[in-house]
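Reviewing the structure listed below.
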Amino acid sequence: MTAWLVLPIGLPLLTAVLALLVPARQRTQRVLGVAGSAGQLIAAAGLLLAVRSEGILVLQVGDWQAPFGITLVGDHFSALILLAGSTAGFASMVFAAMTVDAERTARGYFGFTGVLLAGVAGAFLTGDLFNLFVWFEVMLIASFVLLALGPDRRQAEGATTYVTLNLLASATFLLGCGLAYAITGSLNFADIAQRLPDVEQRPLVLALSVLLLVAFATKAAAFPFASWLPASYHTPAPDVSALFAGLLTKVGVYAVARSVTLFAPDDQMVHTAVMALAGFTMVIGVLGALAQYEIRRLLSFHIASQVGYMLMGIGLMTPLALAGAAFYMAQHMVTKTSLFLVSGVIERSTGTGWLPNLGGLYRSQPALAATFAVAALALAGIPPLAGFVAKYTLTRAAFESEAWVLAGIALAVSLLTLLSMAKIWTEAFWKDSPPAFAWRDPDEREDDPTEDATPGVPRRRIGRAVLLPAAALALVSASMGFAAGPLMEVALLAGEGLADTTPYLEAVLAGSGTGDSTGVGEGMP
2 MTAWLVLPIG LPLLTAVLAL LVPARQRTQR VLGVAGSAGQ LIAAAGLLLA
52 VRSEGILVLQ VGDWQAPFGI TLVGDHFSAL ILLAGSTAGF ASMVFAAMTV
102 DAERTARGYF GFTGVLLAGV AGAFLTGDLF NLFVWFEVML IASFVLLALG
152 PDRRQAEGAT TYVTLNLLAS ATFLLGCGLA YAITGSLNFA DIAQRLPDVE
202 QRPLVLALSV LLLVAFATKA AAFPFASWLP ASYHTPAPDV SALFAGLLTK
252 VGVYAVARSV TLFAPDDQMV HTAVMALAGF TMVIGVLGAL AQYEIRRLLS
302 FHIASQVGYM LMGIGLMTPL ALAGAAFYMA QHMVTKTSLF LVSGVIERST
352 GTGWLPNLGG LYRSQPALAA TFAVAALALA GIPPLAGFVA KYTLTRAAFE
402 SEAWVLAGIA LAVSLLTLLS MAKIWTEAFW KDSPPAFAWR DPDEREDDPT
452 EDATPGVPRR RIGRAVLLPA AALALVSASM GFAAGPLMEV ALLAGEGLAD
502 TTPYLEAVLA GSGTGDSTGV GEGMP
């Protein structure tokens, strides 16, 4: 059973290495990229089924028992999020296989995307603080390369902003690792969680929580550390934006959830700080989105806004709230990736993502319009789609905890999210096609900054298959709402496992004298 913990990391990493070894064989690279992501998706599904039947799975690499060795852990939370992320990653890779140009392919696009997928899986499955840092750096290196691939000056600017702030977050994270080892003598999640209550220097424990929260909140693009995301996610090619939108910030949110529930389960100050971050992140993100007229930049602000909902569940810290956060993360990975893929299809078919230059897509591309409508309504939380199930769960948990202000913010932001989605629908799909001359994105103007208009970008035909990945994810998102029962059952088990970490600790530290020594913990039934 523990092989399911290795395959989601090993398969995309293996195909990535093979793809990098054959830079001249572009068709082979595309096949390897899709095969690696498909293998990860199958392995993630197998892991979730194994966790459902066996409980928490633990692998002590090299048979070195925790806390001395490298530990991989799969529970309901990590398995659910990994499956959603693998689904989004597979769809993005299929889209890339149909759209990535020869130059980027030759420079290692499919190799680095495989490395990125492996890094995401490693971050979700690691049971060690320092190895989480390593996987974060693997993701950072791969994502920086993918951001920088291409001739656009904006890509270089976006990549610089992205890597600078993420390196600062990594440095903060590394300080947290050092402090954790200094006060507990361990870097294993479960071992640290057991030792922290006995640490006499409580200010140091609080300092550890603050360092980790700042580092992970920056990775998650939470307020006030979110500026790097809208400055960078819209600059690369749409295939890269879609991959990032579905995966990267959720790794940061996952790390917040793990660290808060394990290291500060009873610290009301930390919980209040997370809820404050959640409220500000929701508001600032959606207000930024409302001010945008470029589709991917607008959607990038929404990523930050939606991160606020996930942090809301973590801050409330009840089993229902944590279940809502887990469900929200899973559906957001699928829904947001679908929206970014839709924006990619729009840009390929029209030559622009600047809303004033768009129009008439409802009539000219009805399948594209339907795909966008399903994903946009899910993001806004319209029943009975997946976003509604997630937001209803979180709002109910907030009411039960008497967090009235946070619940009110969540409801208001949902309305503003719907308004911004309606803006895209009206501008890109519903209104008539613009004239030959239209207002242009200021970031794309030439040397004359006073230029107000430019000839419209001619449209070009694209194959219908390019829309399939986005449409498939929209269908998955709809299914997560219409048939939410089984998924919510897993989310509730994930929430219970985060709220009560005893089974997690027993499973990981089994070889140290607690629980079953076979490496498979009892976990949740």
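Per this note's numbering: the sequence shown = residues 2 to 526. The C-beta atom is built at its ideal place from N, Cα and C for all residues, glycine as well.
- Counting only residues of its own chain and dropping the five nearest sequence neighbours on each side, leucine 476 has a CB closer than 8 Å to the CB of Val375.
- In terms of CA proximity to isoleucine 315, Met276 leads the group Met276, Val346 and Gly286.
- The shortest C-alpha to C-alpha distance from asparagine 167 to any of Lys220, Leu499 and Arg105 is the one to Lys220.
- As computed with DSSP, glutamine 332 is found in no beta bridge at all.
- Proximity to glycine 56 across Ala290, Gly382 and Ser79 peaks at Ser79, based on C-alpha coordinates.
- Partner residues in the beta bridge of asparagine 189, as assigned by DSSP, are Asp129.
- For valine 74, DSSP records a beta bridge to Val59.
- Here DSSP, grouped into helix, strand and coil, assigns glutamate 201 to coil.
- Excluding its 5 nearest sequence neighbours in each direction, leucine 21 has C-beta neighbours in its own chain below 7 Å: Gly109 and Gly112, listed in chain order.
- In the three-state reduction of the DSSP assignment, glutamate 403 falls in the coil class, being assigned neither a helical nor a strand state.
- Boundaries cannot be given for tyrosine 294, as no alpha helix (DSSP H) includes it and DSSP labels it neither H nor E.
- Counting along the chain, no alpha helix (DSSP H) covers serine 228, and no H or E run does either.
- If only complete runs of 4 or more residues are kept, the region 103-150 shows the alpha helix (DSSP H) at 103-107, 110-126 and 130-149, in order along the chain.
- Ranked by Cα distance from tyrosine 310, the options Ser144, Gly486, Pro367 and Thr250 are led by Thr250.
- In this structure, DSSP gives tryptophan 355 an extended state, which the three-state scheme calls strand.
- Around the Cβ of methionine 270, a 10 Å sphere holds fewer than 16 other Cβ atoms; the residue is exposed.
- Beyond the five residues adjoining it in sequence on each side, alanine 484 comes within less than 7 Å, by CB distance, of no other residue in the same chain.
- Take the alpha-carbon of alanine 265 and the one of serine 210: they are about 7 Å apart.
- Under the 10 Å beta carbon count, glutamine 332 is surrounded by 16 or more other beta carbons and is classified as buried.
- For the set Leu118, Val23, Phe69 and Ala103, the Cα lying nearest the Cα of isoleucine 10 is the one of Leu118.
- Each residue's CA atom was taken as its position, placing glycine 90 and leucine 244 some 6 Å apart.
- Restricting attention to Ala170, Leu58, Leu207 and Gln156, the CA atom closest to the CA of alanine 181 is found in Leu207.
- Between serine 339 and leucine 474, the beta carbon gap of about 4 Å places them in contact (Cβ cut-off 8 Å).
- Pairing alanine 391 with phenylalanine 328 gives a Cβ-Cβ distance under 8 Å.
- A Cβ-Cβ distance of about 5 Å is found for the pair leucine 130 and leucine 188, placing them in contact under the 8 Å criterion.
- Counting along the chain, lysine 251 sits inside the alpha helix (DSSP H) bounded by residues 239-264.
- In the DSSP annotation of this structure, arginine 26 is not part of any alpha helix (DSSP H), being labelled neither H nor E.
- Of all alpha-carbon atoms in Ile285, Glu295, Phe125 and Ala423, the one lying nearest the alpha-carbon of leucine 81 is that of Phe125.
- Relative to glycine 289, the option among Glu158, Gly482, Gly280 and Ser306 whose CA is nearest is Ser306.
- Bounds of any alpha helix (DSSP H) do not take in tyrosine 234, whose DSSP letter is neither H nor E.
- For phenylalanine 302, the number of other beta carbons within 10 angstroms of its own is at least 16, and it is reported as buried.
- Distance from the CA atom of glycine 496 to the CA atom of proline 357, rounded to whole angstroms, is 43 Å.
- Exposure of valine 200 is indicated by the presence of fewer than 16 other C-beta atoms within 10 angstroms of its C-beta.
- Residue state for phenylalanine 281 is assigned as helix, using DSSP reduced to three classes.
- Counting along the chain, the unbroken alpha helix (DSSP H) around proline 470 starts and ends at 469-483.
- Residue range 503-509 is occupied by the alpha helix (DSSP H) that includes glutamate 507.
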